[in-house]
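Everything below concerns the one structure shown next.
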Amino acid sequence: MERAMAPGSAFFVNSPILLPVILYEWSENPKTSWSGSRFFLKLGDHSSAIKFLVMSQCHQEAYYLAEQHMKMGEYAEALGTNGTTEQYAQIADHYLSQGNTVEAGRFYLYASNHQLAINLLLTPENGENPTAMMLGIDTCVASRDPALRKHLTSFLMGEEDGRPKDPRFIFKMFVAFGQTREAARTAVLIARDEQERGSSKTAHKMLHSMHRARLLESRHLEFSGRKTQP
Numbered sequence: 045m046e047r048a049m050a051p052g053s054a055f056f057v058n059s060p061i062l063l064p065v066i067l068y069e070w071s072e073n074p075k076t077s078w079s080g081s082r083f084f085l086k087l088g089d090h091s092s093a094i095k096f097l098v099m100s101q102c103h104q105e106a107y108y109l110a111e112q113h114m115k116m117g118e119y120a121e122a123l124g125t126n127g128t129t130e131q132y133a134q135i136a137d138h139y140l141s142q143g144n145t146v147e148a149g150r151f152y153l154y155a156s157n158h159q160l161a162i163n164l165l166l167t168p169e170n171g172e173n174p175t176a177m178m179l180g181i182d183t184c185v186a187s188r189d190p191a192l193r194k195h196l197t198s199f200l201m202g203e204e205d206g207r208p209k210d211p212r213f214i215f216k217m218f219v220a221f222g223q224t225r226e227a228a229r230t231a232v233l234i235a236r237d238e239q240e241r242g243s244s245k246t247a248h249k250m251l252h253s254m255h256r257a258r259l260l261e262s263r264h265l266e267f268s269g270r271k272t273q274p
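Sequential numbering from 45 applies to the sequence shown in this note's numbering.
So this is what it looks like as C-alpha cells:
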C-alpha cells in the first residue's frame, strides 16, 4: 500500500480504484499536500494541482500556482463559496492588475468591497456588458447602500454619460430591488419594442418575467400579512 502511495509510481498511476482513497488521505494531511500537488504537476495538470491544494487548505500555495500558470479562474472555482474575504480580495487584486475590471469587480463584491466593485463595473466600457451590469445590480443589492443604488440607477438611465443602457438591465434592476410596478412598466415597453421589431418570442419572454415578478410580490405580501396577524 505504501508503494501505491508513492508519488509518480507506476502502481499509483495504474490504480484508478485506489486513486480517490489516496487523494483523500493526502488531502486530510496538510503535510503531504505538496506530494499530491507535485504528482499532478509532473503530469502537467496544473488545474488539478491547484484544486488539490485548495482541498488540502493550502490556499496561498494554490494562489501562487494559479498566478504563475494563469489559472486564476480554476483557483477561484476551487474556492467556490468557501473563500475568505482576504482570499477573494487577493483574486480581485490579481484581475485588477491584469486590467480585467469585470472579474475584479466580481471578486471585490465577494470580498464585500462594494464601493470598489461598483466603481470598476459601472464604466462606459462595461455599459453594454451583461455580466458587468448584473454584477453591478448584485453589488447594490448586497450592499444595501442607498448611495450605490442611486449611482446604479443613474448609470443605467444614462444620466451620467447621456447613454441610456439596455432596458433589460433596468428591468432586472427593478426586479432585484423589489420594484415590481416599475419592472412591469419597463417590461411592457420592452415587449412593445420587441414586437415592433418582429421578435414576438422575446416580447413573450419579457411579459412572462413581468408576470412572475408580480406573482412573487403578491405572494410575499400575502405571507407578510399572515405573519403580522395575531
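Beta carbons are placed, not taken as given, at the ideal position from N, Cα and C, and that holds for glycine.
The structure displayed is predicted, hence computed values, not measured ones.
Query - C-beta atoms of H157 and A120 nearer than 8 Å - result: His is not the amino acid found at residue 157; the sequence shown has Asn there. Taking a C-beta distance under 8 Å as the contact criterion, N157 and A120 do not qualify as a contact pair.
Query raised in the report: Excluding the five sequence neighbours on either side, which residues of its own chain have a C-beta within less than 7 Å of the C-beta of D205, listed in chain order?
Result: P168
Query raised in the report: Cα separation between F213 and T129?
Result: 28 Å
**Report entry** Beta carbon of T183 nearer than 8 Å to that of V146
**Finding:** no
Report task. If I'm right that Q142 touches H103 with Cβ under 8 Å, what's the distance once you round it to whole angstroms? Result -> The pair is not a contact, with the Cβ atoms about 20 Å apart (cut-off 8 Å).
Query raised in the report: In chain order, what residues of the same chain lie with their CB nearer than 7 Å to the CB of A155, ignoring the 5 residues before and after it?
Result: T129, Y132, A133 and A136
Query raised in the report: Excluding sequence positions up to five away, which residues of its chain have a Cβ less than 6 Å from the Cβ of N170?
Result: A176
Report task. State yes or no: is the C-beta of L166 within less than 8 Å of the C-beta of H138? Result -> no
Query raised in the report: According to the Cβ coordinates, are A231 and F215 closer than 8 Å?
Result: yes
Requested in this report: With DSSP as the reference, label Q142 as helix, strand or coil.
Outcome: coil
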